[in-house]
Amino acid sequence: MEPYLEEDPIGLSKIPFVKGITLVITFLILTPLTLATSLFSLYVLSGSVKDTPQNVLAAETSAEVMTGVHIFASLPAVSPTVETEVEVADARVELIRKYLKRYDSPLLPYADFVVSMADHYGLDFRLTTAIAQQESNLCKKIPADTHNCWGWGIHSEGTLGFSSLKEGIEVVSRGLKDGYIDYGYTTPEAIMTKYTPQSNGSWSSGVSQFMDDMR
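Sequential numbering from 1 applies to the sequence shown in our numbering.
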């Protein structure tokens, strides 16, 4: 006779139920964790995606700024011509000013006007000053109240006078253009033959030397 065995003495019939409970508990625990992890990963990924356009924009902006710098830096390549012309003009005025100052000439305040009139009438900027040096020691030896430093219009009947040194500069510059340069008298030697035909050559030599002194 077989011995009597108690059915399911260790609760084997309850194992499937326990497994079910375990799975449910595991599911309830892991699912929120998985969901939270997924959401966190999605958030991080989303942040990275958002950052990407900003970085691109920053790079484009940086490129634009750099391009602007290069463009701005290249502009002076065009402007030196203008600046050089201004510097040359200023240098000529300074040469005249220094020369007049060296001899304490009354023409000193008009250095810029001398150059301006020379440009206006197409003369060498040194010519009228050199003639004034030759004729009157730069206005130091002139008939009283004539403001005529250039021996302009001086003849046996009298001396031409100007209302001011400025007027004298303008009239003489225009006269040299209209009465000399336009007729081919373009060198001190040629000008001398009409300006002071009695000269033995010393006039043109002096004017040429004074012009050289203003280089």
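Glycine included, every Cβ here is placed at the ideal spot set by N, Cα and C.
Per DSSP, the continuous alpha helix (DSSP H) segment holding residue 175 begins and ends at 165–179.
With a cut-off of 8 Å on Cβ pairs, the region 129–143 is in contact with the region 97–108, counting three or more such pairs. Rounded to whole angstroms, the gap between the alpha carbons of residue 143 and residue 210 is 22 Å.
C-alpha of residue 176 to C-alpha of residue 198: approximately 19 Å in a straight line. For residue 130, the uninterrupted alpha helix (DSSP H) segment begins and ends at 127–136. Remark: C-beta atoms of residue 213 and residue 99 approach each other more closely than 8 Å. Spatial neighbours of residue 203 in its own chain (CB-CB distance under 7 Å, excluding positions within 5 residues in sequence) are listed in chain order as 134, 192 and 196.
CA-CA distance, residue 185 to residue 194, rounds to 9 Å. Around the beta carbon of residue 128, a 10 Å sphere encloses 16 or more other beta carbons of the protein chains shown; the residue is thus reported as buried. Residue 209 sits in a helix when the DSSP states are folded into three classes. In summary, residue 179 is exposed, with fewer than 16 beta-carbon neighbours lying within 10 Å of its beta-carbon over all protein chains present. Straight-line measurement puts the Cα of residue 174 at about 11 Å from the Cα of residue 182. For residue 183, there is no enclosing alpha helix (DSSP H), as DSSP marks it with neither H nor E.
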